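Novice: Top to bottom, those sequences are chains A and B. Under this note's numbering, read the first sequence as residues 1 to 374, first letter to last. Under this note's numbering, read the second sequence as residues 1 to 199, first letter to last. Can you read through this structure? Questions will come right after.
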Amino acid sequence: MDWFLVLSSLIKISGFTFLVILPMVALCSLAERKVSAYIQDRVGPNRVGVPMTIFGAKKDFPLFGLIQPLADGLKFILKEDLTPKHVRKFYFWLAPVLTMVPALLTCAVIPFGSYLNIGGREVKMVIADLNVGPLFTFAIASLGVYGIVLAGWASNSKYPFLGGVRSSSQMISYEIALGLSVVPVLMVFQELNLGMIVEEQDRNGWLLLPLWGEGLSWQRWALLLPMGISFVVFTIAMFAETNRMPFDLPECETELVAGYHTEYSSMKFAMFFLGEYAAMIIGSGLIVTLFLGGWSIPFLPTAELAKTTWWMGLLHMGCFLTKVAAFIFFFMWVRWTLPRFRFDQLMRLGWVFFFELALANVFLTALILMIVKR
Amino acid sequence: MPQPLFYLFVAVMLGFGAAVVLLRNPVSSALSLVVSFAGLAALYVSLNAYFAGVLQVLVYAGAVMVLFLFIIMLMDIREEQRRKINKVAVVGGAALVVGFVVQLGGVLAGYEAGRKPLDRVPLQLAEAAEARRAVGNVSPGITADLERGTLPDTKLVGEALFTRYHLQLQMVGVLLLVATVGVIVISRREDRVVSGSGE
Numbered sequence: 001m002d003w004f005l006v007l008s009s010l011i012k013i014s015g016f017t018f019l020v021i022l023p024m025v026a027l028c029s030l031a032e033r034k035v036s037a038y039i040q041d042r043v044g045p046n047r048v049g050v051p052m053t054i055f056g057a058k059k060d061f062p063l064f065g066l067i068q069p070l071a072d073g074l075k076f077i078l079k080e081d082l083t084p085k086h087v088r089k090f091y092f093w094l095a096p097v098l099t100m101v102p103a104l105l106t107c108a109v110i111p112f113g114s115y116l117n118i119g120g121r122e123v124k125m126v127i128a129d130l131n132v133g134p135l136f137t138f139a140i141a142s143l144g145v146y147g148i149v150l151a152g153w154a155s156n157s158k159y160p161f162l163g164g165v166r167s168s169s170q171m172i173s174y175e176i177a178l179g180l181s182v183v184p185v186l187m188v189f190q191e192l193n194l195g196m197i198v199e200e201q202d203r204n205g206w207l208l209l210p211l212w213g214e215g216l217s218w219q220r221w222a223l224l225l226p227m228g229i230s231f232v233v234f235t236i237a238m239f240a241e242t243n244r245m246p247f248d249l250p251e252c253e254t255e256l257v258a259g260y261h262t263e264y265s266s267m268k269f270a271m272f273f274l275g276e277y278a279a280m281i282i283g284s285g286l287i288v289t290l291f292l293g294g295w296s297i298p299f300l301p302t303a304e305l306a307k308t309t310w311w312m313g314l315l316h317m318g319c320f321l322t323k324v325a326a327f328i329f330f331f332m333w334v335r336w337t338l339p340r341f342r343f344d345q346l347m348r349l350g351w352v353f354f355f356e357l358a359l360a361n362v363f364l365t366a367l368i369l370m371i372v373k374r
Numbered sequence: 001m002p003q004p005l006f007y008l009f010v011a012v013m014l015g016f017g018a019a020v021v022l023l024r025n026p027v028s029s030a031l032s033l034v035v036s037f038a039g040l041a042a043l044y045v046s047l048n049a050y051f052a053g054v055l056q057v058l059v060y061a062g063a064v065m066v067l068f069l070f071i072i073m074l075m076d077i078r079e080e081q082r083r084k085i086n087k088v089a090v091v092g093g094a095a096l097v098v099g100f101v102v103q104l105g106g107v108l109a110g111y112e113a114g115r116k117p118l119d120r121v122p123l124q125l126a127e128a129a130e131a132r133r134a135v136g137n138v139s140p141g142i143t144a145d146l147e148r149g150t151l152p153d154t155k156l157v158g159e160a161l162f163t164r165y166h167l168q169l170q171m172v173g174v175l176l177l178v179a180t181v182g183v184i185v186i187s188r189r190e191d192r193v194v195s196g197s198g199e
């Protein structure tokens with residue numbers, strides 16, 4: 001057995017999920033408040049820091065409120081964990097787990113860096129280098145519906161149930177637009193391995209920014225229109241899939257109290273919260289990987305350099321995380337700027353507009369590819 | 001795949017498959033079927049058929065069963081749980097299972113190629129690539145993948161569907177279209193009757 005492979009895989013799994021995604025979730029909850037405060041012209045949480053007054057000092061050390069997520073986590077753990085009498089207990093406990101696990105599982109195929117040179121060996125910075133990358137993500141993400149549906153059903157009361165029903169119909173509807181909008185992208189790359197898709201973008205320009213390598217050819221520029229349509233449909237469908245504003249109908253507080261997690265409290269509620277943010281982070285990661293070049297640095301094809309030097313691999317990881325963070329900011333920006341849709345508007349938009357647009361886009365891309373290749 | 005993992009996934013698949021029939025709560029049955037599908041998907045993956053495995057999860061566990069669960073949740077579950085066991089159906093079902101297993105055993109016992117363990121039959125990717133080059137290199141992407149030493153199962157499925165089986169694929173497509181149109185027609189007609197009687 002190749003112990004190096006086993007060890008590096010274990011480090012990649014634990015490092016990426018527990019030392020990158022989960023702390024990012026915590027930071028996202030702080031960033032969400034800071035961004036909302038900035039957009040609404042407030043200050044936001046800026047007090048929680050190192051509590052120096054406990055040790056007898058005159059003043060606390062505020063650290064711009066960076067310790068806030070830690071305080072939130074402590075609050076969730078210390079709150080009373082209430083299980084109402086009327087719920088179906090087994091499924092009530094199962095639902096939060098089923099929301100969080102798929103959200104974290106999808107990160108397995110996303111390449112979060114190029115190569116890292118460890119002691120002369122090049123290690124690919126992706127947990128599972130599968131040849132079915134995007135399909136795997138969609139498959140696991142489609143399992144995320146169960147958590148929400150079961151939460152709604154197991155709570156055994158009206159508002160959660162309505163929230164669960166809404167969420168499942170919304171997610172099933174937008175899954176179609178999501179899957180179809182990615183087809184043109186795969187047609188252009190002729191590849192289903194996310195790592196190779198990023199390497200191709202590293203050599204020949206990002207899908208949406210073909211400014212170097214072969215990207216400067218008119219063939220690639222002719223494909224910009226269908227790729228742009230794909231990007232818009234994919235991003236909007238991703239908003240709907242992750243139940244983010246303006247599509248957060250399953251937990252729409254003006255109509256459904258808190259939607260599917262109305263009956264949940266303490267850490268079980270926190271699991272829904274974590275799952276939702278993890279899904280948002282990984283959704284951003286997928287968009288960045290497919291359309292915005294993943295870990296690649298603009299204008300500089302550096303994949304080969306990363307195989308021989310150790311610092312380029314780290315730089316690529318930093319580049320990926322920066323892009324993801326920028327996209328997360330976009331998610332938050334939209335949330336605090338746009339009003340919520342009505343449910344019938346949401347369904348009509350999904351079925352009548354995005355579905356047809358994504359389907360037509362497949363044919364448009366095929367047509368352009370046929371003309372370009374000749 | 002190491003043998004313990006194979007037995008683990010087989011146990012998951014068969015155990016939860018049995019739970020589908022044995023459990024009284026329809027929601028539990030539906031979810032057991034989902035777990036059973038996950039075990040099946042793992043077995044596909046162990047045979048290098050990543051595409052089939054992912055589709056098993058994406059289509060059956062992720063889409064079909066969600067709709068099933070959706071419908072079950074709208075039913076009255078207590079009534080389902082009170083329903084008495086039909087003895088004739090139980091005996092008939094058990095007999096059917098035994099008959100099927102005997103039949104399957106007979107077929108598998110007669111399959112000579114199956115006697116070789118899977119790990120003694122390596123994938124001959126380089127040879128396959130050469131053979132493809134010899135007949136004119138129809139899909140260069142597949143050949144390139146084979147030469148790199150990876151099995152392009154998704155691309156092979158795609159190639160087979162859109163060249164060899166394209167007529168059958170289109171027939172299935174038309175069939176699905178007919179079913180979809182049929183559903184819309186049926187639901188429309190009922191709608192008109194209801195609104196007509198209301199006026």
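By construction, the Cβ of each residue, glycine as well, lies at the ideal position given by its N, Cα and C atoms. No experiment lies behind these values; they were computed from the predicted model shown.
Give a yes or no on whether the minimum CB-CB distance between residue 172 of chain A and chain B is below 8 angstroms.
Specialist: So yes, residue 172 of chain A belongs to the interface.
Novice: Is the Cβ of residue 114 of chain B closer than 8 angstroms to any Cβ of chain A?
Specialist: By this cut-off, residue 114 of chain B is not an interface position.
Novice: Between the stretch 159-185 of chain B and chain A, which residues of the former have CB atoms less than 8 angstroms from a CB of the latter, in chain order?
Specialist: Residues: none.
Novice: Helix, strand or coil for residue 116 of chain B, going by three-state DSSP, please let me know.
Specialist: In this structure, residue 116 of chain B counts as coil in the three-state DSSP scheme.
Novice: Could you give the residue range of the beta strand (DSSP E) that holds residue 84 of chain B?
Specialist: Counting along the chain, residue 84 of chain B falls outside any beta strand (DSSP E), and DSSP gives it neither H nor E.
Novice: Short of 9 angstroms Cβ to Cβ, which residues in the stretch 193-212 of chain A face chain B?
Specialist: Within the stretch 193-212 of chain A, the residues whose Cβ lies closer than 9 angstroms to some Cβ of chain B are 193, listed in chain order.
Novice: Considering only residues of the same chain and omitting the five flanking positions on each side of residue 324 of chain A, which have a CB-CB separation below 7 angstroms?
Specialist: 281, 284, 285, 288.
Novice: Output, in chain order, the set of chain B residues within a Cβ distance shorter than 7 angstroms of residue 130 of chain A.
Specialist: Going along chain B in sequence order, the residues near residue 130 of chain A (Cβ under 7 angstroms) are 50.
Novice: Which residues does DSSP list as the beta-bridge partners of residue 375 of chain A?
Specialist: Given a span of 1 to 374 for chain A in the structure shown, any question on residue 375 of chain A remains unanswerable.
Novice: Which same chain residues end up closer than 7 angstroms to residue 182 of chain B when comparing Cβ atoms and leaving out the 5 residues on each side of it in sequence?
Specialist: Around residue 182 of chain B: no qualifying Cβ.
Novice: Which same chain residues, not among the five before or five after residue 34 of chain B, have their C-beta less than 7 angstroms away from its C-beta?
Specialist: 61, 65, listed in sequence order.
Novice: Of the choices A:336, A:344, A:279, whose alpha-carbon is the least far from that of residue 24 of chain A?
Specialist: Here the closest residue by C-alpha is A:279.
Novice: Got a sec, what are the start and stop residues for the alpha helix (DSSP H) residue 304 of chain A sits in?
Specialist: Segment 303-308, the alpha helix (DSSP H) holding residue 304 of chain A.
Novice: Is there at least one Cβ from chain B nearer than 8 angstroms to residue 355 of chain A's Cβ?
Specialist: Answer no: the Cβ-Cβ gap between residue 355 of chain A and chain B never drops below 8 angstroms.
Novice: Is the shortest distance between the beta-carbon of residue 143 of chain B and the beta-carbons of chain A less than 8 angstroms?
Specialist: Answer no: the Cβ-Cβ gap between residue 143 of chain B and chain A never drops below 8 angstroms.
Novice: So, at 6 angstroms on beta carbons, what are the nonlocal neighbours of residue 68 of chain A in its own chain, with the 5 sequence-adjacent residues on each side left out?
Specialist: Correct list, in chain order: 30, 45, 48.
Novice: Between which two residues does the alpha helix (DSSP H) containing residue 345 of chain A stretch?
Specialist: Residue 345 of chain A -> alpha helix (DSSP H) spans 343-348.
Novice: Find the nearest neighbour of residue 315 of chain A within the set A:36, A:73, A:116, judged by alpha-carbon distance.
Specialist: Closest option to residue 315 of chain A, Cα to Cα, is A:116.
Novice: To the nearest whole angstrom, what separates the beta carbons of residue 173 of chain A and residue 145 of chain A, a pair I think is in contact under 8 angstroms?
Specialist: Between residue 145 of chain A and residue 173 of chain A the Cβ distance is about 11 angstroms, and since that is not below 8 angstroms, they are no contact.
Novice: Where does residue 358 of chain A land, buried or exposed, given buried means 16+ other C-beta within 10 angstroms?
Specialist: That one is buried.
Novice: I need the boundaries of the alpha helix (DSSP H) containing residue 152 of chain B, first residue and last residue.
Specialist: Unbroken run through residue 152 of chain B: none, as it is neither H nor E.
Novice: Mind checking whether residue 362 of chain A and residue 222 of chain A have CB atoms under 8 angstroms apart?
Specialist: No, the pair does not count as a contact, with Cβ atoms beyond the cut-off.
Novice: Out of curiosity, what's the CA-to-CA distance linking residue 198 of chain B and residue 29 of chain B?
Specialist: Residue placement at residue 198 of chain B is flagged as unreliable, the pLDDT there being 44, under the threshold of 50; a coordinate-derived value is accordingly withheld.
Novice: Where does residue 206 of chain A sit, in a helix, a strand or coil, going by DSSP?
Specialist: Of the three classes helix, strand and coil, the one that applies to residue 206 of chain A here is strand, per DSSP.
Novice: Listing by chain order, which chain A residues have their CB less than 7 angstroms from the CB of residue 61 of chain B?
Specialist: 143, listed in chain order.
Novice: Starting from the N-terminal side, write out each stretch of the alpha helix (DSSP H) that is 4 residues or longer and does not extend beyond the stretch 257-296 of chain A.
Specialist: List check, alpha helix (DSSP H) in window: 266-291.
Novice: Measuring alpha carbon to alpha carbon, tell me which of A:148, A:154, A:157, A:181 ends up nearest residue 166 of chain A.
Specialist: It is A:148.
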